[in-house]
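Read in full-length UniProt numbering, the sequence shown has 366 at position 366, and its numbers run on one by one without any break. One structure is given below, encoded as structure tokens.
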Amino acid sequence: MPLKTSLLNKGIIRNDLKTLYWFPILYTVILFFVVPLQLISRIPHLKDSYPHSHIFGILNFGGDGTQQVLIMTVPVLLALILFSYLQRKNPSDMFHSLPIRRRTLFTSHILVGISFLTVPVIVTGLFTWIVQIVSNLHSYLSLRDILLWAAITMVMNTVMFMSAVFVGTVTGITLVQGVITYIVLFLPMGLLSLAAYNLQMFLYGYSFRFHLGNKDGFFMAISPLYRILNLNSISGKSLIGYIIFSAILYILGSYLYQRRRLENNMQPIVYKNLGYFFKYGVAFSCMLTAGLYFARFEKSIPWVVFGYLIASFLGYFIAEGILQKSFRIFSKKTFISYGIYGAVVAIGLLGINVDLTGYEKKLPPIEEIKGVYFASNFYSYQHREDPNFYEDENIELIREVHEEIIMNKRDVKYNQRTYGRNRGDLYFVYQLENGDEITRSYEGIDLSPYQDKIEAVNSSIEYKKMAYDVLNVEAKDVEKITFRSYEIAKDLVIYDLNEIDELLQLLKDEIINATYEELNDSRIWGSVDLLLKQKGTEDDSIRAESKIYDKATQEYYDGINVTWRKSFDSIDAWLFEKGYLEEARLLPKDVAFIAVDIANSYEEAKKIATSLRENKQFETSDKAEIDSALQNYSNHWGYDNFPIYVVAFYDENDNRITYGSFDQKHVPEFIKAYFEE
Numbered sequence: 001m002p003l004k005t006s007l008l009n010k011g012i013i014r015n016d017l018k019t020l021y022w023f024p025i026l027y028t029v030i031l032f033f034v035v036p037l038q039l040i041s042r043i044p045h046l047k048d049s050y051p052h053s054h055i056f057g058i059l060n061f062g063g064d065g066t067q068q069v070l071i072m073t074v075p076v077l078l079a080l081i082l083f084s085y086l087q088r089k090n091p092s093d094m095f096h097s098l099p100i101r102r103r104t105l106f107t108s109h110i111l112v113g114i115s116f117l118t119v120p121v122i123v124t125g126l127f128t129w130i131v132q133i134v135s136n137l138h139s140y141l142s143l144r145d146i147l148l149w150a151a152i153t154m155v156m157n158t159v160m161f162m163s164a165v166f167v168g169t170v171t172g173i174t175l176v177q178g179v180i181t182y183i184v185l186f187l188p189m190g191l192l193s194l195a196a197y198n199l200q201m202f203l204y205g206y207s208f209r210f211h212l213g214n215k216d217g218f219f220m221a222i223s224p225l226y227r228i229l230n231l232n233s234i235s236g237k238s239l240i241g242y243i244i245f246s247a248i249l250y251i252l253g254s255y256l257y258q259r260r261r262l263e264n265n266m267q268p269i270v271y272k273n274l275g276y277f278f279k280y281g282v283a284f285s286c287m288l289t290a291g292l293y294f295a296r297f298e299k300s301i302p303w304v305v306f307g308y309l310i311a312s313f314l315g316y317f318i319a320e321g322i323l324q325k326s327f328r329i330f331s332k333k334t335f336i337s338y339g340i341y342g343a344v345v346a347i348g349l350l351g352i353n354v355d356l357t358g359y360e361k362k363l364p365p366i367e368e369i370k371g372v373y374f375a376s377n378f379y380s381y382q383h384r385e386d387p388n389f390y391e392d393e394n395i396e397l398i399r400e401v402h403e404e405i406i407m408n409k410r411d412v413k414y415n416q417r418t419y420g421r422n423r424g425d426l427y428f429v430y431q432l433e434n435g436d437e438i439t440r441s442y443e444g445i446d447l448s449p450y451q452d453k454i455e456a457v458n459s460s461i462e463y464k465k466m467a468y469d470v471l472n473v474e475a476k477d478v479e480k481i482t483f484r485s486y487e488i489a490k491d492l493v494i495y496d497l498n499e500i501d502e503l504l505q506l507l508k509d510e511i512i513n514a515t516y517e518e519l520n521d522s523r524i525w526g527s528v529d530l531l532l533k534q535k536g537t538e539d540d541s542i543r544a545e546s547k548i549y550d551k552a553t554q555e556y557y558d559g560i561n562v563t564w565r566k567s568f569d570s571i572d573a574w575l576f577e578k579g580y581l582e583e584a585r586l587l588p589k590d591v592a593f594i595a596v597d598i599a600n601s602y603e604e605a606k607k608i609a610t611s612l613r614e615n616k617q618f619e620t621s622d623k624a625e626i627d628s629a630l631q632n633y634s635n636h637w638g639y640d641n642f643p644i645y646v647v648a649f650y651d652e653n654d655n656r657i658t659y660g661s662f663d664q665k666h667v668p669e670f671i672k673a674y675f676e677e
């Protein structure tokens, strides 16, 4: 094929190989130190508790992040070097005066660049495979692991390289090319994240958490830089997507390269129309960043709008100055251009605020709801595949709560995200019969108007079976039960299967019959830890979400932790009947006396707690009164339920055993009477 029409040019390829031969050699050496050599150095650690993590972690992009840093820097550096002639007049004129089509020139450089990034990875993979065979690491590392590492590295190297090349076709300064490359790669996730954070301030019921909280979600997948930092979770579909993305960048880059005007070299952006994207993009990004800042520290919509105005103005005119390479940017045309941007943003914000789309009022018909996730935290949603509630009665109550929140929009919308007594978060995720989901969240709202319905839902058997794993376990699956006191060094361990069966039934009955208030009471004795049999259980529905520490073996095992509440009277009665109570928790006989004082603020309570022995207002050594105090005190206090009574318990040597507080509802009469005199 004639030289002018060939897709590749041997002379250009030979010249690149001759001038940049050192690059793939250096990259291979670095990779050798990072992968095979590290693998060899970790072989002596195979006798450790977690040998697989020591070995596989290297190819799983774990450790100190060196591989991620290489992927983010080496391809970009190579692109800057290979296409540096584009950013300089004489080399650019020389290359483009050759009897070679621009497409051929561009493709030849691309082939060399990808080869320089791919061959070192293949060589490193071969070295790693040899180490695996020679060191007999088949149990810890497979050929598939090595091939997967090589594939991920090569694909992400190509993405970074093609991104830098594409940016190079539209920029005229090498430094600008490097900076904009990283901006473009981060921009999708960064811009959408900022937009989501800001949208939450104006759109009632919207939460960025549902879109940004999932590391495998769409918002995260579209940012190559984020993916590089989380390569251990990348999927095969994502790799194929990034290959297609690289191909698109090649096509677009080739198109722009062929139409690039050489006289625009040394200009930050060589295409005039792209300058508008740059200016408006900088203004929009600055605006969203400022909005997030003012929302966090000022928590006021007027301040947020003020931040939008100032930051977008500064961002727009700074970008204009960069494009014009001059400080003389304040012209009528520039102000009109910024005014158009401001008008578009204002119209958009107004449309969101008046809810033109009906998003804020949208509520699915009850007959279309298959299940609902309903909780006061987002964490559970991230770690649960299915909705919490399927029963019609609970779904109806949850929908009624949501409907009331929508009706109270005027009182709630601009008073969200403040916390205190009776304030909190509510998250709704409706799973519809057709497979769709509707997500809403309301953060820092007053829960008082909906408390009755919330308590009814959270008191249901369906909720309790979901929230309390102990309801789903059988005695035959439990190795032992340990009572741990939060007040004194007492641990009672129950091994007998019959006693375990009795205790388990009592715990289940207490939880099933407990009211919402009892299950959220802060007065607790300690915890009841159920250590599960480690060889598996017959019931696969048991979820051992806790790790229980076993003092006997000094190891952590799968288990279930149950809060030992003071309202569990049957547990106390069983322990007393068996003669175990003294081994399980703090008793009046362990306490010589108590001291009490009243506090009107959190700061005052902290001061009183540290000096109560010396500055006590009330003291008693009566065992009946001590028992009443033990039964009613809480081992912590909140921030807004003052005044409270701070109490400390002391032994015969005047050593403080523990301390806590009584709120107004649970203070013993003899203490209340003393302070009311």
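We put the CB at the ideal spot given by N, CA and C, even for glycine. Just so you know, these numbers come straight off a predicted model, no measurement behind them.
Pick out whichever of L141, R523, V591 and E582 has its Cα sitting closest to the Cα of K566.
R523
Rounding to the nearest angstrom, what Cα-Cα distance links T28 and P75 in this structure?
13 angstroms
CB of I445 within 8 angstroms of CB of K362, strictly:
no
Close Cβ partners of I395 (< 8 angstroms) along its chain, the five nearest in sequence each way excluded:
I366, I369, G371, V372 and F389
Within this structure, are the beta carbons of V282 and A295 separated by less than 8 angstroms?
no
G339: which of Y316, R328 and T357 sits nearest, CA to CA?
Y316
Beta-carbon proximity check, S485 vs L575, cutoff 8 angstroms:
no
For W637, does the three-state DSSP call read helix, strand or coil?
coil
Own chain, CB closer than 7 angstroms to T563, minus 5 neighbours either side, in chain order:
I524 and S527
For G125 and P24, I'd like the C-alpha separation in whole angstroms.
15 angstroms
Curious, which full-length beta strand (DSSP E) runs of at least 3 residues does the region 483–544 contain?
491–494 and 524–532
If you draw a straight line from the alpha carbon of L194 to that of F210, how long is it in whole angstroms?
14 angstroms
Rank F313, S300 and L323 by C-alpha distance to the C-alpha of N273 and give the top, closest one.
L323
Among the candidates S441, E614 and R423, whose CA atom is the shortest distance from the CA of V429?
S441
Spatial neighbours of S621 in its chain, beta-carbon cut-off 7 angstroms, leaving aside the 5 residues before and after
A592 and F593
Helix, strand or coil: how does DSSP classify K18 here?
helix
The region 105–122 / the region 184–198 touching (three or more Cβ pairs under 8 angstroms)
no
Which same chain residues end up closer than 7 angstroms to L78 when comparing Cβ atoms and leaving out the 5 residues on each side of it in sequence?
F23, G113, F116, L117 and F161
Terminal residues of the beta strand (DSSP E) in which K332 lies
Counting along the chain, K332 falls outside any beta strand (DSSP E), though it belongs to the alpha helix (DSSP H) covering K332 to N353.
If you follow the alpha helix (DSSP H) that residue 706 is in, where does it begin and where does it stop?
Absent from the model: residue 706. The displayed extent of the chain is 1 to 677, so no value can be given.
How big is the Cα-Cα spacing for S163 and T171?
12 angstroms
What three-state label does DSSP hand L587 in the structure shown?
coil
What three-state label does DSSP hand V167 in the structure shown?
helix
S441 - partner residues in DSSP beta bridges:
Y427
So what's V562 in DSSP terms, helix, strand or just coil?
strand
Between which two residues does the alpha helix (DSSP H) containing V457 stretch?
Q451 to N458
Contact check, L249 vs Q177, beta carbons under 8 angstroms
no
For the candidate residues F330, V646 and D590, whose alpha-carbon lies nearest to that of T610?
V646
Just checking my contact of I511 with Y468 at CB under 8 angstroms: how many whole Å lie between their CB atoms?
5 angstroms
If we count the other Cβ atoms within 10 Å of its Cβ and call it buried at 16 or more, is S207 buried or exposed?
buried
So which of D597, S246, E669 and L531 has the shortest CA-CA distance to E614?
D597
With 16 other CB atoms within 10 Å as the buried threshold, where does P268 fall?
buried
Nonlocal neighbours in the same chain, by C-beta distance under 7 angstroms from E462, ignoring five residues either side:
F389, E391 and N394
When you compare each of G65, L82 and R399 to A456 by their alpha carbons, which one comes out closest?
R399
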